[in-house]
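Have a look at the structure below, then the notes.
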């Protein structure tokens, strides 16, 4: 037992390293993980005290555990067997395919990343680019929902800034789980987005196995009270209008609803801007009849540097107003068991449209499209007051001085973009920018009984 054994130095070093790794993996790493896990749990507990809707344990579960739970779900298992049979492949191959889908979909939520980084960056970016205005009853609409219900924010999709804007505004209520398209599946953006609790979806995938994995994840999240945010239009509006709602994610939520368990409450959210950052890109895609938004990274970087230069030289101006209004919630339990998905989608679309905010650039765009004559400064205030729907607005009615100030600010922003020019008799629309006027006017056109499309047609002929 006490005999000396000689070992080569390399072998001794290897044994020591192996012992150190074994000690670390069995004793040190679990202790460190336990220590940080306990700190995280205490931090989340403090955070939940100030949130209107606390973060549910399902959202905080380990990503590996969530993936295992998803792929071994009975409905997913049945879909795997069906996929293997229909495509004549071994079941283990179909199982691995389902596992890849689950890894792609399931997020890795970090409360630290969401609230310490994401929410703060969202607030800074939103308020740096826009004058953010909210509905008078936004907080009440969320608080009116059953505290035990799952809240799903259903929003129109005007710009990629929608994600930033709503994340900032909802940060006091809860952590939102977004459905994000293929555009964000690039490293390192994909890692950041997943840490914010978002899950990726393939909008063009028609495979039954993929749809079942996605459906079951959405249903599990809904059953476990995860607050979600979806854009049921299926993408950005290329013409400015609120498009018909697609049934995909809505159908997953409704199909998995059990009236004897947790209620699901949909909160309609209407978003509108004085300036959509991607407006010309969207208009070009609409004219082509496709949805290819080909913007190079070079163009984006040049624009960022231009704005940074304006900020440094104190010439920077915000892009006008970004308005967000929450509509009256819709409870699935209150609708009863005989509700139809088409009827639900129609109701949600109507409620989004009913609370659609009316910023000044869309309103002025509508006024300019209705006339060929110059609009004098003296008439602008009267025309805006007459055109503003009486039950619209994101705050109490503006006093005369503030109204005139907001109108002039919007006009000068439009002038900077080459949309209008000031002549001796008043303000005139630049005919070359008619598509841009139409894009912004479309966002509020459904609020008015009359349509300005005939005037557009007549002007186009002339």
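In our numbering, the protein residues as written are 33 to 494.
Idealized CB from N, CA, C, for every residue including glycine.
Residue i versus residue j: straight-line alpha-carbon distance, rounded
i, j, result
"residue 127", "residue 103", "8 Å"
"residue 491", "residue 180", "Note on residue 491: pLDDT 40, under 50, position unreliable in the model; no value is reported."
"residue 253", "residue 262", "13 Å"
"residue 455", "residue 418", "23 Å"
"residue 351", "residue 119", "52 Å"
"residue 396", "residue 479", "15 Å"
"residue 96", "residue 244", "19 Å"
"residue 343", "residue 154", "19 Å"
"residue 133", "residue 242", "6 Å"
"residue 411", "residue 420", "14 Å"
"residue 54", "residue 43", "16 Å"
"residue 201", "residue 113", "44 Å"
"residue 149", "residue 143", "9 Å"
Proximity below 8 Å, CB of residue i to CB of residue j
i, j, result
"residue 389", "residue 473", "no"
"residue 164", "residue 197", "yes"
"residue 291", "residue 365", "yes"
"residue 233", "residue 211", "yes"
"residue 258", "residue 284", "no"
"residue 272", "residue 471", "yes"
"residue 93", "residue 354", "no"
"residue 260", "residue 191", "no"
"residue 459", "residue 407", "yes"
"residue 399", "residue 415", "yes"
"residue 207", "residue 87", "yes"
"residue 446", "residue 309", "no"
"residue 451", "residue 433", "no"
"residue 203", "residue 160", "no"
"residue 115", "residue 240", "yes"
"residue 274", "residue 381", "yes"
"residue 439", "residue 413", "yes"
"residue 282", "residue 373", "yes"
Enclosing beta strand (DSSP E) for residue i [first to last residue]
i, result
"residue 397", "Premise fails: residue 397 lies in the alpha helix (DSSP H), 392-401, not in any beta strand (DSSP E)."
"residue 210", "209-212"
"residue 461", "458-461"
"residue 453", "452-455"
Where residue i sits in the DSSP three-state scheme
i, result
"residue 276", "coil"
"residue 480", "coil"
"residue 475", "helix"
"residue 228", "coil"
"residue 11", "A query on residue 11 cannot be resolved here, the shown segment of the chain reaching from 33 to 494 and no further."
"residue 320", "helix"
"residue 265", "coil"
"residue 407", "strand"
"residue 289", "coil"
"residue 354", "strand"
"residue 446", "helix"
"residue 182", "strand"
Expected contact under 8 Å - CB spacing of residue i and residue j to nearest Å
i, j, result
"residue 362", "residue 379", "6 Å"
"residue 255", "residue 293", "7 Å"
"residue 264", "residue 186", "6 Å"
"residue 270", "residue 339", "Their Cβ separation, rounded to whole angstroms, is 24 Å, which puts residue 270 and residue 339 out of contact at 8 Å."
"residue 358", "residue 188", "About 12 Å separates the two Cβ atoms, so there is no contact after all."
"residue 307", "residue 317", "With 8 Å as the limit, residue 307 and residue 317 do not qualify as a contact, their Cβ atoms being about 18 Å apart."
"residue 296", "residue 184", "6 Å"
"residue 387", "residue 213", "The Cβ separation is near 25 Å, so there is no contact."
"residue 391", "residue 304", "6 Å"
"residue 91", "residue 141", "5 Å"
Residue range of the unbroken alpha helix (DSSP H) whose run includes residue i
i, result
"residue 36", "Where residue 36 is concerned, there is no enclosing alpha helix (DSSP H), given that its DSSP letter is neither H nor E."
"residue 304", "Residue 304 -> not in any alpha helix (DSSP H); beta strand (DSSP E) instead, spanning 296-305."
"residue 94", "Run containing residue 94: none; DSSP gives neither H nor E here."
"residue 137", "123-137"
"residue 85", "Taken as a continuous stretch (DSSP letters only), residue 85 belongs to no alpha helix (DSSP H), as it is neither H nor E."
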